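Working notes, structure below.
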Amino acid sequence: MFEFNYRSIGMFEPIFHSHTFYEVYYFHEGKCNYLIGDQIYNLSPGDLILMNGMTLHCPKVDPEIPYIRSIIHFDPAILRPYLELPQAVPVMRPFEQFKNYRLCLRGKEKEELEQILLVMLSHQQRGDKVGESRLLLAFVDMLHFIYDQCLQPLGEQREVPSDKEKTVQEIIALLEDVYMDDELSMELLHSKLHLSKSYLAKIFKDVTGVTLFEYVYRKRINEAKILFLLHPSLSVTEVSFRLGFKHLAHFSRLFKQQVKITPEGYKKELKKDRQLHKQLEGEGN
DNA sequence: AGGCACTGAGTTATCTGACG
DNA sequence: CGTCAGATAACTCAGTGCCT
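Numbering of the first sequence is given in UniProt numbering, commencing with residue 1 and proceeding in unit increments.
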């Protein structure tokens with residue numbers, strides 16, 4: 001699995017999502033707050049984000065100003081041939097070490113990365129086998145560049161967040177602890193943070209682009225998918241209770257809303273995948 | 001028959017915009 | 001940063017269908 005999208009325009013994509021592969025996200029221009037897991041990044045041109053796809057992420061975009069970014073999705077398995085060379089540098093370490101990470105590239109470093117992106121684009125545009133292979137090599141080069149940057153002492157990587165963003169960061173930190181709690185409510189957040197319920201709702205949406213409970217439910221449904229994957233024997237009811245839902249009906253409806261398929265249907269799909277996988281393995285031997 | 005997953009519809013909580 | 005009120009979305013209960 002390898003996908004490269006050069007300088008694509010993001011207009012309206014407040015879609016909170018996760019995926020099973022890794023992502024490299026480079027911000028070219030525009031205005032964007034990026035919410036990844038429990039962190040909010042106020043992106044500036046030259047920012048590069050490394051992401052473990054299982055972490056929920058979503059950009060919060062100003063619809064007036066289109067923003068331009070390049071995105072690379074990849075399955076680390078495709079890099080194996082390059083990583084097993086005797087002199088190989090462990091370029092995947094930054095992805096493994098930090099669940100997600102932002103590099104602020106400026107000046108020479110920014111130019112170098114953009115140069116690599118251009119090279120990748122030219123290889124991609126050839127559209128043949130050689131192009132494909134060189135695209136991958138250029139990407140491996142990019143990973144070396146990233147690895148190198150991660151070794152540099154962090155000259156200030158972080159902008160100073162506004163008070164509002166700090167508060168939202170606090171809300172998110174709190175939610176990280178309690179998002180699976182079945183007693184979670186605005187009342188609880190209000191009592192812990194001493195801010196009015198409507199104000200909490202307002203600044204959260206302002207900064208992240210999603211409502212508070214949308215954030216919570218995205219996290220829960222994401223967790224549900226992981227539970228179904230790792231523990232096929234768990235029933236839908238059991239999973240819904242573990243995630244803090246008081247009613248199966250509620251979980252079922254939200255799951256279908258987000259995943260476009262019922263939880264039971266999702267389990268069945270996973271089962272089919274597993275059987276297919278086994279079958280292919282059997283034929284392989 | 002009994003358990004489980006899902007849906008319809010009324011109730012309740014959250015969201016959002018206006019205003020102080 | 002808070003309050004208020006109307007709009008919207010989530011919660012809950014009751015009921016249905018499917019499977020064993």
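Just so it is clear, CB atoms sit at the ideal spot from N, CA and C, and this is done for glycine as well. Everything numeric in this text was worked out from a predicted model, so none of it was measured.
- Contact holds between the stretch 240-249 and the stretch 213-232, because three or more Cβ pairs, one in each stretch, are under 8 Å apart.
- Going by DSSP, V61 is part of the beta strand (DSSP E) stretching over 57-61.
- Where M51 is concerned, there is no enclosing alpha helix (DSSP H), although the beta strand (DSSP E) around it starts and stops at 47-52.
- Its Cα nearest to that of S18, the residue N100 stands out among F204, N100, C104, K271.
- Taking a C-beta distance under 7 Å as the contact criterion, Y147 and V91 qualify as a contact pair.
- Between the stretch 35-50 and the stretch 166-176, the count of Cβ pairs shorter than 8 Å is three or higher; the stretches touch.
- Burial check for N5: the Cβ neighbour count within 10 Å stays below 16, so the residue is exposed.
- CA-CA distance, L212 to H194, rounds to 16 Å.
- Counting along the chain, no alpha helix (DSSP H) covers Q152, and no H or E run does either.
- When the five nearest sequence neighbours on each side are left out, the beta carbons in the same chain lying within less than 7 Å of the beta carbon of H123 are those of G131, R134, L135, A138, in order along the chain.
- Each residue's CA atom was taken as its position, placing L188 and L79 some 46 Å apart.
- The three-state secondary structure of F204, taken from DSSP, is helix.
- As computed with DSSP, N33 is found in a beta bridge with N42, K60.
- The beta-bridge partner set that DSSP reports for E3 consists of H73.
- Taking every protein chain shown into account, the CB of L151 has fewer than 16 other CB atoms within 10 angstroms, so this residue is exposed.
- Rounded to the nearest angstrom, the Cβ distance from V61 to C32 is 5 Å, consistent with a contact under 8 Å.
- The bridge partners DSSP lists for F27 are R69.
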